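Beneath this line is the structure, given in structure tokens, with notes to follow.
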Amino acid sequence: MDPFLPNSVSTAAILLFCLLPLAAPFTVIPSDSGLIDAPQNGQRSRARTDAREQEAVLDVMRATGNAWAAGIVDVCRGRWHGIECMPDRDDVYHVVSLSFGVLSDDTAFPTCDPARPYISPSVTKLPHLRTLFFYRCFTHNPQPIPAFLGRLGSTLQTLVLRENGHVGPIPSEIGNLTRLRVLDLHNNNLNGSIPGSLGRVAGLTSLDLSGNRLTGSMPGFGFPSLRVLDLNQNLLTGSIPSTLGTCLSLIKIDLNHNHLIGPIPESINHLRDLILLDLSYNHLSGPFPESLKDMTSLEALILKGNPMESVTIPNDWFAGMNVLTILVLSNMNLHGPIPESLGRLPSLLVLHLDRNRLNGSIPETFQNLRSIAELRLNDNRLTGPIPFGREMIWRMRRKLRLYNNSGLCYDGGSGFEDGSGIGSCDAAAARSGSARTVQHTSEGNDGDMTRKVQASSSVEARHRFLLVLPQFLIASIVFIPLLS
Ligand SMILES: *[C@@H]1O[C@H](CO)[C@@H](O)[C@H](O)[C@H]1NC(C)=O
Ligand SMILES: *[C@@H]1O[C@H](CO)[C@@H](O)[C@H](O)[C@H]1NC(C)=O
Ligand SMILES: *[C@@H]1O[C@H](CO)[C@@H](O)[C@H](O)[C@H]1NC(C)=O
Ligand SMILES: *[C@@H]1O[C@H](CO)[C@@H](O)[C@H](O)[C@H]1NC(C)=O
Numbered sequence: 262m263d264p265f266l267p268n269s270v271s272t273a274a275i276l277l278f279c280l281l282p283l284a285a286p287f288t289v290i291p292s293d294s295g296l297i298d299a300p301q302n303g304q305r306s307r308a309r310t311d312a313r314e315q316e317a318v319l320d321v322m323r324a325t326g327n328a329w330a331a332g333i334v335d336v337c338r339g340r341w342h343g344i345e346c347m348p349d350r351d352d353v354y355h356v357v358s359l360s361f362g363v364l365s366d367d368t369a370f371p372t373c374d375p376a377r378p379y380i381s382p383s384v385t386k387l388p389h390l391r392t393l394f395f396y397r398c399f400t401h402n403p404q405p406i407p408a409f410l411g412r413l414g415s416t417l418q419t420l421v422l423r424e425n426g427h428v429g430p431i432p433s434e435i436g437n438l439t440r441l442r443v444l445d446l447h448n449n450n451l452n453g454s455i456p457g458s459l460g461r462v463a464g465l466t467s468l469d470l471s472g473n474r475l476t477g478s479m480p481g482f483g484f485p486s487l488r489v490l491d492l493n494q495n496l497l498t499g500s501i502p503s504t505l506g507t508c509l510s511l512i513k514i515d516l517n518h519n520h521l522i523g524p525i526p527e528s529i530n531h532l533r534d535l536i537l538l539d540l541s542y543n544h545l546s547g548p549f550p551e552s553l554k555d556m557t558s559l560e561a562l563i564l565k566g567n568p569m570e571s572v573t574i575p576n577d578w579f580a581g582m583n584v585l586t587i588l589v590l591s592n593m594n595l596h597g598p599i600p601e602s603l604g605r606l607p608s609l610l611v612l613h614l615d616r617n618r619l620n621g622s623i624p625e626t627f628q629n630l631r632s633i634a635e636l637r638l639n640d641n642r643l644t645g646p647i648p649f650g651r652e653m654i655w656r657m658r659r660k661l662r663l664y665n666n667s668g669l670c671y672d673g674g675s676g677f678e679d680g681s682g683i684g685s686c687d688a689a690a691a692r693s694g695s696a697r698t699v700q701h702t703s704e705g706n707d708g709d710m711t712r713k714v715q716a717s718s719s720v721e722a723r724h725r726f727l728l729v730l731p732q733f734l735i736a737s738i739v740f741i742p743l744l745s
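So for the sequence shown, our numbering puts the first residue at 262; every next one is plus one.
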């Protein structure tokens, strides 16, 4: 571990960046045998920058359209944003970090000129470079990720090329960066497959290749230190490799919106530190892993939009998940009953089981979901009385969705108003004895009501959920490593 920053702080910094890219500057400057962990940038009066590195920095600046930098006498003196240096024992400054792009109003690294910016090969003349960061730099001059970055292998620890418009494949030379901890290529137009050479980068703690057009299957990597794996919004095929279960440091796995098939590997249960698992919008099939009972840190499980072949929710699946806060199993072709054990999840805030073929009644245990704020059971085949009372119904209001079930009813005094689209159990009992035609008419009316409610609230609710979700996760994912 690096002595310069306590591990928990650097981890939190990385996570903060991954989850909240625009809110915080991102600099991790660990120590190096040759360099001194002294205050940087002009604090040591006699120190001067290595002449070759000075030239290399000016090349890199020029290539990004920052030709003005030629007027800087010493790039390591004067606290230039985006340039960080450290002195060695002979009072020579070395460049350890270069950053470009406006992250926020507070954190403005040099911008890239939109005309014809590119990454200068002179970056390879910076033998102490640990961080290379380009954000929204080459968007107007689409170019591949240069293979020469592979020559920074002996020092580079953080490579961020985020929202840069890069095209073509991820060069296999990236696998030469064996000291890399953070690789972030989020939101480019990269295609081709994930290079197998990446497996050589054994110390990765954060891998974000999300928002590209990557094809092929997920390589069977085992990264013992990997904490964040983001491959969402790509075109990945094949099944989820069971080696994922050997990446025991994982706290976040996000593979949503790909074309992954096959079952969720049983080995996932080994990930005791996992906080977020999002596998939504793939083509995953059942059965569910036999047990998730060891995933005691899991706070969010999101599997919606995987239309599995007639799968039932195992009754004891959630035993031990004491911190599960968000459970989203919508539109998965689930059938059979809602397990009673769901009502015993003490931390549940959001539960979506909508658009399935669940039948039977809502378990009585749902009365125990004291903190639930959003419950969707709509578009199923549920029957019988709604087991929770006025207080819970009022608390959730429109975030409670029960419409389009075959036979839900409310007990008198439960708090449902006329207009909920759901009748009282007394009336339902009376109706079941009456003529078929009457029943048919009343169902037709319910359908109209359903469509109106659905149309008015679904867009708003979807936006709200998108906003709510990151807040929960940021709070938990950032603070848990800090406290532990
Ligand atoms: C990558 O490393 C291999 C040896 O491991 C070396 O032959 C090759 O030249 C390196 N490529 C780059 C681009 O650094
Ligand atoms: C990647 O995209 C480029 C166009 O940007 C195309 O020429 C190339 O064939 C694509 N490669 C793969 C593997 O899809
Ligand atoms: C639920 O549906 C299944 C068939 O999918 C059926 O066997 C079972 O009896 C139903 N249960 C209830 C309570 O209606
Ligand atoms: C009601 O839900 C079922 C799924 O259980 C769905 O197939 C049907 O289209 C829904 N009806 C309406 C009116 O949305």
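Cβ atoms here follow ideal geometry from the backbone N, Cα and C, with glycine treated the same way.
Predicted, not measured: the structure shown is a model, and the values here were computed from it.
Beta-carbon spacing of residue 544, residue 516 below 8 Å: Counting from 1 along the sequence shown, the entry for residue 544 is found at position 283. Counting from 1 along the sequence shown, the entry for residue 516 is found at position 255. In this structure, residue 516 does not lie closer than 8 Å to residue 544 by Cβ.
Contact shell at 5 Å, judged by CB to any heavy atom of ligand 6, ordered along the chain: The model depicted lacks ligand 6 and carries ligand 1, ligand 2, ligand 3 and ligand 4 instead.
Where DSSP assigns a beta bridge to residue 346, which residues make up the other side? Position 85 of the sequence shown, counted from the first residue, corresponds to residue 346. In DSSP, residue 346 forms a bridge with 356.
Beta-ladder partner(s) of residue 670, from DSSP: The count along the sequence shown starts at 1 and reaches residue 670 at position 409. In DSSP, residue 670 forms a bridge with 646.
Could you tell me which uninterrupted alpha helix (DSSP H) segments, each at least 4 residues in length, are contained entirely in the region 361–413, listed from first to last along the chain? Here no run is fully enclosed.
Could you tell me the alpha carbon to alpha carbon distance between residue 440 and residue 392, rounded to whole angstroms? Residue numbering aside, residue 440 sits at position 179 when the sequence shown is read from its first letter. Residue numbering aside, residue 392 sits at position 131 when the sequence shown is read from its first letter. Each residue's Cα considered, the two are about 11 Å apart.
Which residues share a DSSP beta bridge with residue 420? Walking along the sequence shown from the start, residue 420 turns up at place 159. Residue 420 pairs with 393 and 444.
Per DSSP, which residues does residue 515 bridge with? Please list them. The count along the sequence shown starts at 1 and reaches residue 515 at position 254. DSSP, once it has assigned bridges, lists 491 and 539 as partnering residue 515.
Check whether the Cβ of residue 668 lies closer than 7 Å to any heavy atom of ligand 3, and answer yes or no. For this step, residue 668 is matched to residue 407 along the sequence shown. No, the Cβ of residue 668 stays beyond 7 Å of every heavy atom of ligand 3.
Quick one: what's residue 635 bridged to in DSSP? The count along the sequence shown starts at 1 and reaches residue 635 at position 374. In DSSP, residue 635 forms a bridge with 611.
Keeping to the same chain, check which residues put their C-beta closer than 8 Å to that of residue 506; ignore five residues upstream and five downstream. Translated into positions along the sequence shown, residue 506 becomes position 245. For residue 506, the CB contacts under 8 Å within the same chain, skipping 5 residues up- and downstream, are 526, 527, 528, 529, 530, 531 and 532 in chain order.
Skipping 5 residues on each side, what residues in its chain have a beta carbon closer than 6 Å to that of residue 569? On the sequence shown, position 308 is the one that residue 569 refers to. Non-local beta-carbon contacts of residue 569 in its own chain, meaning distances under 6 Å to residues more than five positions away in sequence, involve 546, 547, 593 and 594 in chain order.
Assign residue 320 to one of three DSSP states: helix, strand, or coil. As a position in the sequence shown, residue 320 is number 59, starting the count at 1. Helix, per DSSP.
Residue 539, buried or exposed, once every other Cβ within 10 Å from all chains shown has been counted against 16: Translated into the one-based positions of the sequence shown, residue 539 becomes position 278. By the neighbour-count rule (16 or more Cβ atoms within 10 Å), residue 539 is buried.
Can you give the Cα-Cα distance for residue 419 and residue 637, rounded to whole angstroms? Locating residue 419 in the sequence shown gives position 158, where the first residue counts as 1. Locating residue 637 in the sequence shown gives position 376, where the first residue counts as 1. About 41 Å.
Closest Cα partner of residue 554 within the set 614, 425 and 580: Reading the sequence shown from its first residue, position 293 is the one you call residue 554. The shortest C-alpha separation from residue 554 is found at 580.
Closest residue to residue 382 among 597, 417, 616 and 321 (Cα-Cα distance): Taking the first residue of the sequence shown as position 1, residue 382 is located at position 121. Of 597, 417, 616 and 321, the residue nearest in Cα terms is 321.
Residue 614 and residue 633 closer than 8 Å at C-beta: As a first step, residue 614 must be located in the sequence shown, where it is residue number 353. As a first step, residue 633 must be located in the sequence shown, where it is residue number 372. No.
Taking only the alpha-carbon atoms, compute the straight-line gap between residue 311 and residue 417 and give it to the nearest angstrom. The count along the sequence shown starts at 1 and reaches residue 311 at position 50. The count along the sequence shown starts at 1 and reaches residue 417 at position 156. Roughly 18 Å separates the two Cα atoms.
Close-in-space but distant-in-sequence residues of the same chain around residue 684 (CB under 6 Å, 5 per side omitted): The count along the sequence shown starts at 1 and reaches residue 684 at position 423. Setting aside the 5 residues that flank it on each side, residue 684 is surrounded in the same chain by 670, each with a C-beta closer than 6 Å to its C-beta; the list follows chain order.
Pull the bridge partners of residue 531 from the DSSP assignment, please. Position 270 of the sequence shown, counted from the first residue, corresponds to residue 531. DSSP output for residue 531 lists no bridge partner at all.
Are residue 512 and residue 488 close, meaning C-beta to C-beta below 8 Å? Mapped onto the sequence shown, residue 512 falls at position 251. Mapped onto the sequence shown, residue 488 falls at position 227. Their beta carbons are under 8 Å apart, which means residue 512 touches residue 488 by this criterion.
What separation, rounded to the nearest whole angstrom, lies between the Cα atoms of residue 560 and residue 537? Against the sequence shown, residue 560 aligns to sequence position 299. Against the sequence shown, residue 537 aligns to sequence position 276. In a straight line, the C-alpha of residue 560 is about 6 Å away from that of residue 537.
How is residue 618 classed by DSSP in three states: helix, strand or coil? Position 357 of the sequence shown, counted from the start, is the residue given in the question as residue 618. DSSP places residue 618 in strand when its eight states are reduced to three.
Would a C-beta distance cut-off of 8 Å place residue 428 and residue 405 closer than the cut-off? Walking along the sequence shown from the start, residue 428 turns up at place 167. Walking along the sequence shown from the start, residue 405 turns up at place 144. Against a cut-off of 8 Å, the Cβ pair of residue 405 and residue 428 comes out as a contact.
Going by CA-CA distance only, name the one from 571, 647 and 661 that's closest to residue 619. Sequence index remark: in the sequence shown, residue 619 carries index 358 (1-based). Out of 571, 647 and 661, the CA that lies nearest to the CA of residue 619 is found in 571.
Confirm, please, whether the CB-CB distance from residue 477 to residue 504 is below 8 Å. The count along the sequence shown starts at 1 and reaches residue 504 at position 243. The count along the sequence shown starts at 1 and reaches residue 477 at position 216. No, they are not a contact pair.
According to DSSP, residue 561 sits in a beta bridge with which residue or residues? Along the sequence shown, read from residue 1 onward, the residue named residue 561 stands at position 300. Answer is 537 and 587, bridged to residue 561.
Under 7 Å from any heavy atom of ligand 4, does the C-beta of residue 592 make it? Looking up residue 592 in the sequence shown gives position 331. No, the Cβ of residue 592 stays beyond 7 Å of every heavy atom of ligand 4.
Just checking residue 596 against ligand 3 - is the residue's beta carbon closer than 7 Å to any of the ligand's heavy atoms? Numbered from 1 along the sequence shown, position 335 holds the residue referred to as residue 596. Under cutoff, so the answer is yes.
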